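Here is the structure we will look at, set down as structure tokens.
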């Protein structure tokens with residue numbers, strides 16, 4: 152949600168909370184009866200059956216622990232000399248001509264991370280036509296259609312896990328999806344994290360807990376890593392927690408020379424963090440079909456020519 156009211160830089164966090172409460176009160180009647188939250192969290196992919204967990208986490212083992220959940224090997228490997236990531240909070244595909252924007256944004260990409268991905272038959276057909284493998288970690292069902300973080304790639308992942316954290320005000324979860332990809336002629340692998348952070352909350356406890364869960368899952372991985380998504384880092388306290396999280400995992404933040412990322416209370420909320428990689432090209436595109444603008448980053452492995 153992007154709010155364009157008075158000068159964003161004049162907002163106090165107390166004023167932010169008041170606006171969030173207004174948003175909550177305004178939207179809840181619209182959502183009543185349309186949303187259902189699965190009792191068990193899990194992932195769904197076009198090449199595998201649904202795999203629900205017993206609670207809020209589907210991470211049977213951590214990367215590097217020797218106990219991680221492995222998917223069968225698939226064809227192809229990422230090119231360590233160049234691959235393109237596209238990240239977008241796609242607003243459940245509500246905007247007019249959204250499909251045209253999606254076609255344009257993913258046509259030359261290797262990895263796609265969507266937040267508020269809405270797994271309609273139309274989206275599934277689009278990903279299939281573009282020869283993507285995909286997984287979605289559903290936060291909820293909207294009119295019986297899964298919505299959450301969706302990761303698609305030209306290369307089939309060999310590991311995945313996901314978890315969710317519920318927003319106290321709405322009871323609606325936000326999800327995190329972790330996938331891992333082999334790199335051509337390399338022993339190490341790329342770990343990719345698709346993130347949608349908690350938004351509607353009066354304190355930062357749930358936000359902090361979600362970051363702590365990510366650190367617990369990711370800290371064992373020693374190779375290259377990308378963490379991309381909608382971080383809802385619209386307050387000073389949230390931004391500070393996010394900076395500490397990046398430091399703890401030794402992550403760098405992608406910089407955009409022509410920065411068209413959407414702002415919420417004067418702060419960007421969409422980021423791409425990375426480690427062990429080099430951004431070769433960056434684009435923060437402008438669209439009218441979502442309340443967030445997409446980001447495209449061309450990466451190479453740090454020690455690849």
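Numbering (the numbering used here), first residue to last: 152 to 456. For every residue, glycine included, the Cβ atom is placed at its ideal position computed from N, Cα and C. Note that the coordinates shown come from a computational prediction; the quantities given were computed from them, not determined experimentally.
Item                                                                                                                    : Value
Cβ-based burial, residue 312 [other Cβ within 10 Å; buried from 16]                                                     : buried
Endpoints, alpha helix (DSSP H) assigned at residue 257                                                                 : 249–257
Rounded straight-line distance, which links the Cα of residue 405 to that of residue 105                                : Because the chain is modelled from 152 through 456, residue 105 falls outside the range shown and cannot be assessed.
Close-in-space but distant-in-sequence residues of the same chain around residue 263 (CB under 6 Å, 5 per side omitted) : 237, 257 and 303
Euclidean distance between Cα positions of residue 450 and residue 407                                                  : 14 Å
Close beta carbons around residue 444, own chain, < 7 Å, minus the five adjacent residues each side                     : 411, 412, 413, 435, 436, 437 and 438
contact_flag[the segment 361–380, the segment 339–348] where n(CB pairs < 8 Å) is 3 or more                             : yes
CB of residue 453 within 8 Å of CB of residue 429, strictly                                                             : yes
DSSP state of residue 294 mapped onto helix, strand, coil                                                               : coil
Entirely enclosed beta strand (DSSP E) segments - the segment 377–448, minimum 3 residues                               : 421–426 and 428–435
Backbone secondary structure at residue 320 - three-state DSSP                                                          : coil
Simplified DSSP assignment, three categories, for residue 362                                                           : helix
Residue 288 (DSSP reduced to helix, strand or coil)                                                                     : strand
Residue 360, buried or exposed, once every other Cβ within 10 Å from all chains shown has been counted against 16       : exposed
Residue 347 - partner residues in DSSP beta bridges                                                                     : 381
Beta-carbon proximity check, residue 348 vs residue 314, cutoff 8 Å                                                     : no
Simplified DSSP assignment, three categories, for residue 266                                                           : strand
Helix, strand or coil at residue 306 [DSSP, three-state]                                                                : coil
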